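Below is one structure; the comments refer to it alone.
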Amino acid sequence: MIFRVYINFKPGILDPEAEAIMQTIKNMGNKSIEKIIKGKFFDIHVDDKKDYFNEIEKISENLLSNPVIENFKIIKKN
1 MIFRVYINFK
11 PGILDPEAEA
21 IMQTIKNMGN
31 KSIEKIIKGK
41 FFDIHVDDKK
51 DYFNEIEKIS
61 ENLLSNPVIE
71 NFKIIKKN
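Residue numbers (my numbering): 1 to 78.
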């Protein structure tokens, strides 16, 4: 079983890298793209013997993300 944990900045938190990418896209002449949201993900592989969702949630909140400035979302893949 695989859990995918998506992490990105909370609304209102500045992301200079995403802003720089957006500016470059505009400089390239593309006016149709309105927003870039940058994030990261982790695939966590576990055995299928039990549901690890609560454990993955704790790991995501306490280790993988910074809860002050980041959100996370967990998706069970298999």
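The beta carbon of each residue, even a glycine, is placed where N, CA and C say it ideally should be. This one's a predicted model, so the numbers in the text were calculated from it and none came from an experiment.
ask   = Is the distance from the Cβ of I13 to the Cβ of I75 below 7 Å?
value = no
inquiry  = Can you list, in chain order, the residues of its chain with a C-beta nearer than 7 Å to that of D51? Leave out the 5 residues immediately preceding and following it.
reply    = none
query = If you check the beta carbons only, do M81 and I36 fall under 7 Å apart?
reply = Residue 81 is absent from the structure shown; the chain starts at 1 and stops at 78.
query = Is it true that the CB of E17 sits closer than 7 Å to the CB of K38?
reply = yes
key: Whole-angstrom distance between M1 and I56, CA atom to CA atom   = 12 Å
query = Quick one: Cα of F42 to Cα of K73, how far?
reply = 11 Å
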